[in-house]
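S.K.:
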Amino acid sequence: MREIQASTIVQVVARLFEEANYSLEEDVLAALNKAHQTEESPLGKEVLRQIIENARIAAEDRVPLCQDCGTAVVFLELGQDAHVAGGDLCQAITDGVSQGYREGYLRKSIVNQPFSARTNTGDNTPPVIHISIVPGDKLKITALPKGGGAENMSRLAMLKPNDGKEGIIDFVVSAVADASAKPCPPVIVGVGIGGTSDMVMLLAKQALLRRIGAPSPDPEIAALEKEILTRINDLGIGPMGYGGRITALAVHVEARPAHIASLPVAVNLQCHSARHKEAVI
352 MREIQASTIV QVVARLFEEA NYSLEEDVLA ALNKAHQTEE SPLGKEVLRQ
402 IIENARIAAE DRVPLCQDCG TAVVFLELGQ DAHVAGGDLC QAITDGVSQG
452 YREGYLRKSI VNQPFSARTN TGDNTPPVIH ISIVPGDKLK ITALPKGGGA
502 ENMSRLAMLK PNDGKEGIID FVVSAVADAS AKPCPPVIVG VGIGGTSDMV
552 MLLAKQALLR RIGAPSPDPE IAALEKEILT RINDLGIGPM GYGGRITALA
602 VHVEARPAHI ASLPVAVNLQ CHSARHKEAV I
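For the sequence shown, my numbering gives the first residue as 352, with consecutive numbering after it.
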């Protein structure tokens, strides 16, 4: 059994959320640069130029990419042969988020009693934590600051099995069309298919973590991703809703088995400021 100190987790989580809010991953930057080269609309091309320049300034000056520093979503892959010592795992994650948002001068956006008082918690806690138990003795931490504008465009449909592939495509494209400029396109479209209503929403969010440009290893799903992306980019919404060919940078689909009577489908959109960082302890 390998021990991982809770204090180490606190420090790693704090660093991940700071870095995620300051700098985009290389795959996101590459996708934005490709979009800038291929966008046909002059206004859309200029918007993409400004997005890329904003990312450069944020990384160099270590300031947030976006004024919305997001809900702190954390994905954990905990090795079954690892033991967290010196504190509670979830409390360590929470303390790390608190430290990162305070010391990194990141906007705090989480409120208590969201249906009434809506009092800011002051340190962007509590985070949303998803834990998976995996083989091994390590802890993989993925930090995903999720902006409110994009998250508000999430959609869930419990389709009928005979709606099939076309029903899925129509639902996803409709969700992006209805969202229009609200999630700050060009977006990454996370799609979950199968499981249950709660599982499919999680699948859609996990899909956002896949490297842009890496299609599903399942050929049928990869073809579905390509078809949905084409349909979305035919909508003409364009960068930040000003019109153009690039409404989405990528469509990522994650699927799992479902009940014979069900075809759950979920959509989770990520704005062009597609922030996430990971570390393995």
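The beta carbon of each residue, even a glycine, is placed where N, CA and C say it ideally should be.
Tell me whether M550 sits in a helix, a strand or coil according to DSSP, three-state version.
M.R.: Within the sequence shown, residue 550 is the residue found at index 199, counting from 1. Here M550 sits in helix by DSSP.
S.K.: For D521 and T389, what's the separation of their Cα atoms in angstroms?
M.R.: Locating residue 521 in the sequence shown gives position 170, counting from the first residue. Locating residue 389 in the sequence shown gives position 38, counting from the first residue. Looking at the two C-alpha atoms, the distance is approximately 25 Å.
S.K.: Between S548 and L510, what straight-line distance do the alpha-carbon atoms span, to the nearest angstrom?
M.R.: For the purposes of this step, residue 548 is identified with residue 197 of the sequence shown, where counting begins at 1. For the purposes of this step, residue 510 is identified with residue 159 of the sequence shown, where counting begins at 1. Going by the C-alpha atoms only, they are around 11 Å apart.
S.K.: Going by the CB atoms, is the gap between E354 and A436 shorter than 8 Å?
M.R.: Walking along the sequence shown from the start, residue 436 turns up at place 85. Walking along the sequence shown from the start, residue 354 turns up at place 3. Yes, the Cβ-Cβ distance between A436 and E354 is below 8 Å.
S.K.: Run through DSSP, which three-state label would I403 get?
M.R.: Position 52 of the sequence shown holds residue 403. Looking at I403 - three-state DSSP - the assignment turns out to be helix.
S.K.: Please work out which residues of its chain come closer than 6 Å, Cβ to Cβ, to G447, disregarding the five sequence neighbours upstream and downstream, and give them in chain order.
M.R.: Taking the sequence shown and counting its residues from 1, the one referred to as residue 447 is at position 96. Result list for G447: V361, V364, A365, in chain order.
S.K.: Could you have a look at Q388 and say whether DSSP puts it in helix, strand or coil?
M.R.: Working through the sequence shown from its first residue, we reach residue 388 at position 37. The answer is helix: DSSP assigns Q388 an H, G or I state.
S.K.: Out of L600, V542, G498, which has the shortest C-alpha to C-alpha gap to H627?
M.R.: For the purposes of this step, residue 627 is taken as residue 276 along the sequence shown, with counting starting at 1. The candidate whose alpha carbon is nearest that of H627 is G498.
S.K.: Roughly how many whole angstroms lie between the Cα atoms of A508 and M352?
M.R.: Here residue 508 is taken as the residue at index 157 of the sequence shown, counted from 1. Here residue 352 is taken as the residue at index 1 of the sequence shown, counted from 1. Looking at the two C-alpha atoms, the distance is approximately 43 Å.
S.K.: With DSSP collapsed to three states, give me the class of L416.
M.R.: Here the question's residue 416 lines up with position 65 in the sequence shown. Here L416 sits in coil by DSSP.
S.K.: Specify the secondary structure class of R562 as computed by DSSP and reduced to three states.
M.R.: The sequence position of residue 562 within the sequence shown is 211, counting from 1. Note: R562 maps to coil in three-state DSSP.
S.K.: Go ahead and pull the three-state DSSP assignment for N584.
M.R.: As a working mapping, residue 584 is identified with position 233 in the sequence shown. Helix.
S.K.: Taking the beta carbon of A468 as the centre, do at least 16 other beta carbons fall within 10 Å, making it buried, or is it exposed?
M.R.: Along the sequence shown, one-based indexing puts residue 468 at 117. Classification for A468: exposed.
S.K.: For P478, which of helix, strand or coil comes out of DSSP?
M.R.: Indexing the sequence shown from 1 puts residue 478 at position 127. It is coil, neither helix nor strand.
S.K.: Is there contact here, the segment 549 to 558 with the segment 603 to 612, by at least three beta-carbon pairs under 8 Å?
M.R.: As far as the Cβ criterion goes, the segment 549 to 558 touches the segment 603 to 612, which means the pair count is three or higher.
S.K.: Going along the chain, which residues of its own chain have a beta-carbon closer than 8 Å to the beta-carbon of L559, five neighbours each way excluded?
M.R.: By one-based count along the sequence shown, residue 559 stands at place 208. Hits under 8 Å: L495, I539, G541, H603, N619, Q621, A625, H627.
S.K.: Could you tell me whether the Cβ atoms of L416 and L375 are closer together than 8 Å?
M.R.: In the sequence shown, the residue the question calls residue 416 occupies position 65. In the sequence shown, the residue the question calls residue 375 occupies position 24. Against a cut-off of 8 Å, the Cβ pair of L375 and L416 comes out as a contact.
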